[in-house]
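This is the structure in structure tokens:
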């Protein structure tokens, strides 16, 4: 038997060797990519399922944003909403006091569990990008949401707000509803929150008559970032989790509003908005979702 390979056989073996090396290289690259995706998926899972232990205060930054160079009296209006002085009525002081009261009602513990800090008003010359539509594709929705959240993340970078020192950041974007263009624009914007990013965005009209509802939405979005889910479908509260007291007899009208439904059922077919946080409660299901009580 000939111990030497022919030139053709040697070329053939070289090609096989190169193919084998390329196959191993490709497997190595794919393994690294899969490992990276796995780490990303695990980190995302942990962020989406994180819960607070409630053994220390949750640090919340509330940042007021206004469009353009607003008049001094408008800045005064926003600052009065942010104020921590005076009575807790239709301002952030009420939000903090209400959250504390609901925590104590569910747990029986009087630990101070929210530490709210205020920033702003911050003046922006351009408006945030619109959120994607429900009918948009996955990529359009994903990129649209990231761009929308990126607008607000840019605010804290530009203003050097050091929001990384907080567990939750809520931006309250005030707009002048007497301007028909602004009113038409921002009434289409839904207030949103991301548990993964620890961020909430509230769109609020510059109106004293709407401040009670604004405080409810701020509390609603804070609870979203803690893991609470919406308790409504369309304009109706979902039974039983969207009812403040699903055991109430008679069932209608409900005495209070469940904060994650933002409506008080007054009949089988109708909900109504309430005027203040005093008429809202954290329901039992919401308390379980945010780890106030055991599931």
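In our numbering, the protein residues as written are 514 to 808.
Each residue gets a CB set at the ideal place from its N, CA and C atoms; glycine is no exception.
On a predicted model such as this, the values are computed, not experimentally measured, just so you know.
Let me know the secondary structure DSSP gives residue i once reduced to three states.
| i | result |
| --- | --- |
| residue 700 | coil |
| residue 553 | Note on residue 553: pLDDT 48, under 50, position unreliable in the model; no value is reported. |
| residue 634 | strand |
| residue 722 | helix |
| residue 750 | strand |
| residue 745 | strand |
| residue 756 | coil |
| residue 593 | helix |
| residue 762 | coil |
Suppose the cutoff is 8 Å on Cβ atoms and the five residues either side in sequence are ignored; what does the same chain contact list for residue i look like?
| i | result |
| --- | --- |
| residue 637 | 578, 579, 580, 581 and 668 |
| residue 566 | 804 |
| residue 649 | 657 |
| residue 779 | 765, 766, 767 and 785 |
I'd like the list of long-range same chain contacts for residue i, defined as Cβ closer than 6 Å, with 5 residues on each side in sequence excluded.
| i | result |
| --- | --- |
| residue 769 | 757, 792 and 794 |
| residue 592 | none |
Using 10 angstroms around the beta-carbon of residue i, count the other beta-carbons present and answer buried if the total reaches 16, otherwise exposed.
| i | result |
| --- | --- |
| residue 651 | exposed |
| residue 694 | exposed |
| residue 691 | exposed |
| residue 776 | buried |
| residue 714 | buried |
| residue 623 | exposed |
| residue 571 | buried |
| residue 750 | buried |
| residue 559 | Low per-residue confidence applies at residue 559: pLDDT is 44, beneath 50, and the placement is therefore not dependable, though the value from the model is reported in the following sentence. Its Cβ having fewer than 16 others within 10 Å, residue 559 is exposed. |
| residue 774 | buried |
Rounded to the nearest angstrom, what separates residue i and residue j at their Cα positions?
| i | j | result |
| --- | --- | --- |
| residue 614 | residue 595 | 20 Å |
| residue 729 | residue 786 | 10 Å |
| residue 771 | residue 802 | 14 Å |
| residue 640 | residue 621 | 43 Å |
| residue 677 | residue 528 | 55 Å |
| residue 788 | residue 721 | 12 Å |
| residue 806 | residue 537 | 52 Å |
| residue 741 | residue 530 | 57 Å |
| residue 706 | residue 542 | 36 Å |
| residue 674 | residue 535 | 50 Å |
| residue 539 | residue 665 | 40 Å |
| residue 663 | residue 618 | 37 Å |
| residue 739 | residue 708 | 6 Å |
| residue 612 | residue 672 | 28 Å |
Provide the residue(s) that pair with residue i in DSSP beta bridges, ordered along the chain.
| i | result |
| --- | --- |
| residue 682 | 574 and 712 |
| residue 628 | 572 |
| residue 687 | 579 and 717 |
| residue 771 | 776 and 794 |
| residue 785 | 777 |
| residue 705 | 714 |
| residue 656 | Paired residue(s): none; residue 656 is not in a bridge. |
Please go through the same chain and pick out, in chain order, the residues whose beta-carbon is closer than 7 Å to the beta-carbon of residue i, but skip the five residues on each side of it.
| i | result |
| --- | --- |
| residue 532 | none |
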